[in-house]
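Enquirer: One structure follows; several queries about it will come next.
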Amino acid sequence: MPCPTCSLWRFWSALAGPRAGLPRSLYRTRRTDRMRLTRVARFSCGHRFWDPSLTPEENTRRFGIYASPYNHGHNYELHVTVEGDIQPTTGMVVNIRKVKEDIEREIVQVLDRKSLNDEVEPFDRVPPNLENLIRWIAERIPAPGGAKLRRLRLYEMYDFYSELDLYGEAPMLTLTRGYHFSASHRLHSPHLSDEENQALFGPCNNPHGHGHNYELEVTIGGDADPKTGMLVDIDELDAVVQREVVERYDHRNLNVELPEFQNQNPTSEMLLREIWKRLRDKVPARLVRVVLRETPRNVFEYSEENE
Numbered sequence: 184m185p186c187p188t189c190s191l192w193r194f195w196s197a198l199a200g201p202r203a204g205l206p207r208s209l210y211r212t213r214r215t216d217r218m219r220l221t222r223v224a225r226f227s228c229g230h231r232f233w234d235p236s237l238t239p240e241e242n243t244r245r246f247g248i249y250a251s252p253y254n255h256g257h258n259y260e261l262h263v264t265v266e267g268d269i270q271p272t273t274g275m276v277v278n279i280r281k282v283k284e285d286i287e288r289e290i291v292q293v294l295d296r297k298s299l300n301d302e303v304e305p306f307d308r309v310p311p312n313l314e315n316l317i318r319w320i321a322e323r324i325p326a327p328g329g330a331k332l333r334r335l336r337l338y339e340m341y342d343f344y345s346e347l348d349l350y351g352e353a354p355m356l357t358l359t360r361g362y363h364f365s366a367s368h369r370l371h372s373p374h375l376s377d378e379e380n381q382a383l384f385g386p387c388n389n390p391h392g393h394g395h396n397y398e399l400e401v402t403i404g405g406d407a408d409p410k411t412g413m414l415v416d417i418d419e420l421d422a423v424v425q426r427e428v429v430e431r432y433d434h435r436n437l438n439v440e441l442p443e444f445q446n447q448n449p450t451s452e453m454l455l456r457e458i459w460k461r462l463r464d465k466v467p468a469r470l471v472r473v474v475l476r477e478t479p480r481n482v483f484e485y486s487e488e489n490e
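Per my numbering, the sequence shown starts with residue 184, numbered consecutively.
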């Protein structure tokens, strides 16, 4: 049974039923002599966010724009990360074929091409959102291939995923949502001479500037809603990020139009720090991490650990 102090799994047990929970073997401390490997699996299934015991208005208040008595579907991608010592006889942490077989048998065959609400327990009574689905997966494969389960990441869309990290004393569940905006900037530090700026930033110091299609990931955590299992109301999160970030920076010249960059160089590092500051106390959940992709090769990350 899960640790009695772990509110996450107390919640899941209450929501899904008495059989839900994770074995104590999943709670462990840091080991520096261990290695991790990840297996990716894919499946497709349908679901709906609708409680027949509620009125249409009550369903809308609970599930927002996603409330509907009719199914919609997703192509899910599941990343299963296990951890263990390298075995001297095989040179492997675990037989990856056995990991694959466990995932296929316990997860893919059960979920693929199914209607979760109608064909898979406990989703006849538990909302089939990412948070609840990833908890269900963790319960079914606590030791894939005989190795320790380290982390699960479940994508519902390429820019919307949940992650369950089992590293440490208790599980940490997070939800990540992606956003996009375009902006231009010129990399030019007021603390350097024109010659020094040109030498340091090269073509990015072009006086006329240049632009990027930025991709932003916002990761939140915290306590789950006792009725839905959700960490956050997605509509509320979207509204905050749209107002505080997208509307502020999209199709703007950062150097010229934004007061926060009047006296500082608008690098992606500085932009991401400003985004963190704007979201930290406004998102309707605990802000865990923000990631900014300036280009496919330049990715910046800022988290609560940096404060």
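All residues carry an ideal CB built from backbone N, CA and C; glycine is no exception.
Can you say whether proline 409 is buried or exposed, counting buried as having 16 or more other CB atoms within 10 angstroms of its CB?
Expert: Proline 409 is exposed by the Cβ-count criterion.
Enquirer: Can you tell which of Gly247, Lys283 and Phe246 has the C-alpha that lies nearest to the C-alpha of arginine 222?
Expert: Arginine 222 has its Cα closest to that of Lys283, out of Gly247, Lys283 and Phe246.
Enquirer: So, under 8 Å CB-CB, alanine 326 and leucine 332 are touching, yes? Tell me the CB distance rounded to an integer number of Å.
Expert: Sure, about 6 Å apart at Cβ, within 8 Å.
Enquirer: Go ahead and pull the three-state DSSP assignment for glutamate 457.
Expert: Helix at glutamate 457.
Enquirer: Just the C-alpha distance for glycine 392 and arginine 476, rounded to the nearest angstrom, thanks.
Expert: Cα to Cα, the separation comes out at about 18 Å.
Enquirer: Measure the alpha-carbon distance for proline 239 versus methionine 453 and round it to whole angstroms.
Expert: For proline 239 and methionine 453, the distance between alpha carbons rounds to 45 Å.
Enquirer: Could you check the C-alpha separation between aspartate 416 and valine 466 for me, to the nearest Å?
Expert: Going from the Cα of aspartate 416 to the Cα of valine 466 covers about 10 Å.
Enquirer: Can you give, in chain order, each stretch of the alpha helix (DSSP H) that sits fully within the segment 269-304 and has at least 4 residues?
Expert: If we require 4 residues or more, the alpha helix (DSSP H) runs fully inside the segment 269-304 come out as 279-286 and 299-302.
Enquirer: Alpha carbon to alpha carbon, how far is alanine 250 from asparagine 389? Give it in angstroms, no decimals.
Expert: Taking the straight line from one Cα to the other gives about 49 Å.
Enquirer: Can you find the residues in the same chain that come closer than 7 Å, C-beta to C-beta, to proline 311, ignoring five residues on each side of it along the sequence?
Expert: Around proline 311: His230, Leu299 and Asn300.
Enquirer: Relative to the C-alpha of threonine 450, which residue among Pro386, Asp406, Arg369 and Val429 is closest?
Expert: Of the candidates Pro386, Asp406, Arg369 and Val429, the one whose C-alpha sits nearest the C-alpha of threonine 450 is Arg369.
Enquirer: Taking its Cβ as the centre, do 16 or more other Cβ atoms sit within 10 Å of asparagine 448, making it buried, or is it exposed?
Expert: Buried is the call here.
Enquirer: How far does the beta strand (DSSP E) with leucine 349 in it reach, from first residue to last?
Expert: First-last for leucine 349: undefined, no H or E at that position.
Enquirer: DSSP three-state label for glutamate 490, please.
Expert: Reduced to three states, the DSSP call for glutamate 490 is coil.
Enquirer: Would you check if the distance between the CB atom of valine 372 and the CB atom of asparagine 380 is smaller than 7 Å?
Expert: Note that residue 372 corresponds to serine in the displayed sequence, not to valine. Taking 7 Å as the Cβ cut-off, serine 372 and asparagine 380 qualify as a contacting pair.
Enquirer: Hey, which unbroken runs of the beta strand (DSSP E) at 3 residues or more fall wholly within the segment 419-490?
Expert: DSSP runs (the beta strand (DSSP E)) wholly in the segment 419-490: 469-478 and 481-486.
Enquirer: Helix, strand or coil for leucine 316 per DSSP?
Expert: If DSSP states are grouped into helix, strand and coil, leucine 316 belongs with the helices.
Enquirer: Using a Cβ-Cβ cutoff of less than 6 Å, which residues in the same chain neighbour valine 474 once the five nearest sequence positions on both sides are dropped?
Expert: Hits under 6 Å: Glu400 and Glu484.
Enquirer: Where does glycine 328 sit, in a helix, a strand or coil, going by DSSP?
Expert: It is helical.
Enquirer: Within 10 angstroms of the Cβ of valine 424, are there 16 or more other Cβ atoms? Answer buried if so, exposed if not.
Expert: Buried.
Enquirer: At a cut-off of 6 Å, is asparagine 438 close to the ligand COA when judged by its beta-carbon and the heavy atoms of the ligand?
Expert: Of the ligands one can find in the structure shown there are none, so the ligand COA has no counterpart to examine.
Enquirer: My guess is that leucine 313 and leucine 358 are in contact by the Cβ rule of under 8 Å, so how many angstroms apart are they, rounded?
Expert: Between leucine 358 and leucine 313 the Cβ distance is about 7 Å, and since that is below 8 Å, they are a contact.
Enquirer: As a quick exercise: from Asp307, Val276, Tyr253 and Ile269, pick the residue whose alpha carbon is nearest that of threonine 411.
Expert: Considering only alpha carbons, the answer is Asp307.
Enquirer: Just to confirm my understanding: we take proline 442, look at its own chain, exclude 5 residues before and 5 after, and list those with CB closer than 8 Å. What are they?
Expert: Counting only Cβ-Cβ distances below 8 Å, and skipping sequence neighbours, we find nothing.
Enquirer: Would you call the segment 337-352 and the segment 286-293 touching, i.e. three or more CB-CB distances under 8 Å?
Expert: As far as the Cβ criterion goes, the segment 337-352 does not touch the segment 286-293, which means the pair count is below three.
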